[in-house]
Each structure stands twice: as C-alpha cells, then as structure tokens.
Ligand code: URA
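Structure representation (structure tokens):
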C-alpha cells in the first residue's frame, strides 16, 4: 500500500520535472505546494511569484506573510494548512495565467485535492475561484462558503490584492475571521445548515488520460491533461459515499460549534 507521503513525493517530483507548458522554460523552480497531507484546510493561490520561483515554496513573499496573519485570524497556523497554487510555475513578470497553462496544471491540483481531501478549500483570487465558480465575480461572493462535492469552498480575495488596495485588507481579515466558523461546522459534518444552498457538483468532467507529449507545449489551446501525473501517482480507490456526520471524527474537537457567522450564495450557473 502506497502511503500518502509517497504519493505526494512522487507528484512533487513530476511537477518539478514538468514541461507541459512554456513556463518550464522561464521558471527557476516549480512550486508544487506544501503542508500536511491530512490538513483540514487547503489554500489555493494563483501562481508563484518571484520569491516563490526562487525558493520553490508557495507564498513566501509579502503576500505569504499576510496569508500567515490571516490564517491566525481563522485560528490556524500556517504549518497546519496545505498551501498550493493553480499554476506551479511563475508566469514571467507575474502576468495572469493563460488558459493553456491553467489546463496544463489542472490535473496536478486535482491530485493534490484528492490526496489531502481537505474539509475546507479557500481559494485566493479569481483564478482559483474560477475553478469552482466560473461565472462569478470575487466582489460578489468573497467570504461566502458553498458546499461543493461534500466540502466547503470559500472564495477569498487574493492576499496580494490587499497589498495594492488597502481597503481590501479589512475585508480579508473579516472573511478569515468568519472562516473559523466554517471550519467548525465542517468538523461537525454540518453541510446543510439553515440557509445553505444544496450541495452541488462542480467537479470538472472526467478527463481522458492522454499520452504525455515529450516537448513543451506552446500557449494557446488548452494543453491536454498531464496523464504523467495520473499514471505515476497512483490514485486511491474511489471513496465510498460519505456518511452523515463528522467526516473526521478522529480529529473532531468536542467543543460545540461556534456561533454561526457564515452566509451562502447561490451560484448563477
Ligand atoms: N501569489 C500566489 O498566488 N501564490 C504564491 O505562491 C505567491 C503569491
């Protein structure tokens, strides 16, 4: 039986050697992500910046420092959260990710989510938000949790945005304070609270495994999925249906759920 650690190590190795898009030519280091493989909370940013590219670790610059402060508002230490990005390599000049780059990296993120299986996913910025809420705008739904495929997805502004627009700082602080209550509810298996939208499935369509191309793919049309990762990092057997109640009773704190501070939104599409 392959352990989670072995699967993660293999996945990180594949990511570090990835040449599925042109970012492989300009990166210093790929940045797979980091954190405990049994983390309850996963944060997903956009793409590595300059510092991350140099160090091979996510969120190590000013945006990362702010993220650490925000996590504290939610009652979390950085080292108990799994942190990664939509893109694993830095776009030159920190430009926005291109559709082909997002597609090339998508399967890596799928595998990370599958591996860690967090109770709560926090998306940071519009590119990670778009994976679950493609038609939404961040200004409308930030901080509002939604149950998707049996876990909470909480879209947040990107921490870097607050470094440029001071007004967003307090918005992020408030949203992360409310995250505390979302986590408490998830620990108690409460996914259908009063006012909650019914769980929806926003999972991407299953993708065919394609033979990995040996070369670098140019940007433009979305790159095919990285079957390399799927093949080299064995997936676990499909999960049985989740029983009602706490998903991780072994880790559940006996404390009562915190006051309800969360709100929900309806997805338009
Ligand atoms: N911004 C991101 O989206 N990710 C990082 O890792 C750093 C900054």
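In my numbering, the protein residues as written are 683 to 951.
Beta carbons are placed, not taken as given, at the ideal position from N, Cα and C, and that holds for glycine.
None of these values were measured; they are calculated from a predicted model.
Item: Is any heavy atom of the ligand GDP found at a distance shorter than 8 Å from the C-beta of residue 692?; Value: In terms of ligand content, the structure shown lacks the ligand GDP and carries the ligand URA instead.
Item: Does residue 832 come out as helix, strand or coil in the three-state DSSP assignment?; Value: coil
Item: Would you check whether the ligand URA has a heavy atom nearer than 8 Å to the C-beta of residue 842?; Value: yes
Item: Regarding residue 806 and the ligand URA, is the C-beta to nearest heavy atom distance less than 8 Å?; Value: yes
Item: So within the segment 722-764, which uninterrupted beta strand (DSSP E) runs reach at least 3 residues, ignoring any that extend past its ends?; Value: 723-727
Item: Report the rounded CA-to-CA distance for residue 700 versus residue 790, giving the unit in angstroms.; Value: 10 Å
Item: Compute the Euclidean distance between the alpha carbons of residue 773 and residue 729, then round it to the nearest angstrom.; Value: 7 Å
Item: I need the straight-line Cα distance from residue 726 to residue 796, nearest angstrom please.; Value: 14 Å
Item: For a test of the three-state rule: what should DSSP assign to residue 803, helix, strand or coil?; Value: strand
Item: Out of 799, 821, 711 and 715, which one is the CA nearest neighbour of residue 760?; Value: 715
Item: Classify residue 683 as helix, strand or coil using the three-state DSSP reduction.; Value: coil
Item: Tell me residue 716's beta-bridge partners as DSSP assigns them.; Value: 765
Item: Might you give, ordered along the chain, the residues of its own chain that have their beta carbon closer than 8 Å to the beta carbon of residue 685, omitting 5 neighbours on each side?; Value: none
Item: Is residue 781 helix, strand or coil by DSSP?; Value: helix
Item: What residue range is occupied by the uninterrupted alpha helix (DSSP H) comprising residue 857?; Value: 849-869
Item: Among residues of its own chain, excluding the 5 on either side of residue 667, which ones have a beta-carbon nearer than 6 Å to its beta-carbon?; Value: Residue 667 cannot be examined here, being either before or after the span of the chain that is shown, 683 to 951.
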